[in-house]
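One structure is given below, encoded as structure tokens.
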Amino acid sequence: MSNYYGFGKIILSMILAMCLRIAPLPPELSVFNPDWVLLVLIYWSLAVPERVGIFHAWGFGLLTDVLTGRLFGQYALAYSLVIYICLKLHKRLRQFPILQQGLFIFFCLLLSQLLLFLIKNLQHPAQLHGTFWLPVFTGTLFWPMVYTAMRFVRLSRRIKE
0 MSNYYGFGKI ILSMILAMCL RIAPLPPELS VFNPDWVLLV LIYWSLAVPE
50 RVGIFHAWGF GLLTDVLTGR LFGQYALAYS LVIYICLKLH KRLRQFPILQ
100 QGLFIFFCLL LSQLLLFLIK NLQHPAQLHG TFWLPVFTGT LFWPMVYTAM
150 RFVRLSRRIK E
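First residue of the sequence shown: 0, per numbering that gives the first Met the number 0; consecutive thereafter.
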């Protein structure tokens, strides 16, 4: 029963992240919206790598593709690659202070953004704009908050009635 309860926390946090990902924001603010799904996936893959892996990243990436209306498979590819790197380095990364983890998160989000840009550029050529960097920076800034909130969720106990 406790395994299912822990997996329920993961699913609920991913649903919340997907809601934040597609939250209707004004155009001026939508360029700042970080990739919440990837941030939560990174947390879970670092915290419980035996439960959240590449398969989950691929599945949630496909769901994100559907939710955002993008080319099917691009988020799945980006998320899978980032989570693969996280899984390979999770033992080291868990030892780092939160600010050093933030630097790693910056590069993970940047890698994801670059992959998404390259896939979009294959469809129709585009140029990098200043707004390209904004979700990467805001995601990095939000990482301590995401880490703290997800850690609280992971370590909280179910109240017995």
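Where a beta carbon is used, it is the ideal one built from N, C-alpha and C, also for glycine.
Note that the structure is a prediction, hence the values are computed from the model and not measured.
C-beta atoms of residue i and residue j nearer than 7 Å
{"i": "VAL152", "j": "LEU38", "result": "no"}
{"i": "TYR78", "j": "ASP64", "result": "no"}
{"i": "LEU66", "j": "MET17", "result": "yes"}
{"i": "ILE118", "j": "ILE82", "result": "no"}
{"i": "LEU40", "j": "ALA56", "result": "yes"}
{"i": "PRO25", "j": "ILE97", "result": "no"}
{"i": "VAL30", "j": "THR130", "result": "yes"}
Continuous alpha helix (DSSP H) stretch holding residue i: start and end
{"i": "SER79", "result": "73-92"}
{"i": "ILE104", "result": "97-122"}
{"i": "VAL51", "result": "Careful: VAL51 lies outside any alpha helix (DSSP H) and carries neither H nor E."}
{"i": "SER29", "result": "26-29"}
{"i": "LEU127", "result": "Unbroken run through LEU127: none, as it is neither H nor E."}
{"i": "LEU133", "result": "133-154"}
Neighbourhood of residue i by C-beta distance below 8 Å, restricted to the same chain and skipping five residues each side
{"i": "ASN120", "result": "none"}
{"i": "PHE103", "result": "LEU88, LEU92 and PHE95"}
{"i": "SER1", "result": "Low confidence applies to SER1: its pLDDT is 49, below 50, so where it sits in the model is not reliable, and the reading given next is rough at best. So no residue of the chain qualifies."}
{"i": "CYS107", "result": "LEU37, ILE41, VAL81, ILE84 and CYS85"}
{"i": "LYS159", "result": "With a pLDDT of only 44 at LYS159, under 50, the local geometry of the prediction cannot be trusted, and the value read off the model is given with reservation. Correct list: empty, nothing qualifies."}
Cβ neighbours of residue i in the same chain (closer than 6 Å, five flanking residues each side left out)
{"i": "LEU19", "result": "TRP35"}
{"i": "PRO33", "result": "PRO134, THR137, GLY138 and PHE141"}
{"i": "LYS8", "result": "VAL152"}
Beta-carbon proximity list for residue i, same chain, < 7 Å, skipping 5 on both sides
{"i": "LEU115", "result": "GLN73 and ALA77"}
The stretch 73-89 contacting the stretch 38-55, beta-carbon criterion three pairs below 8 Å: Contact holds: three or more Cβ-Cβ distances are below 8 Å.
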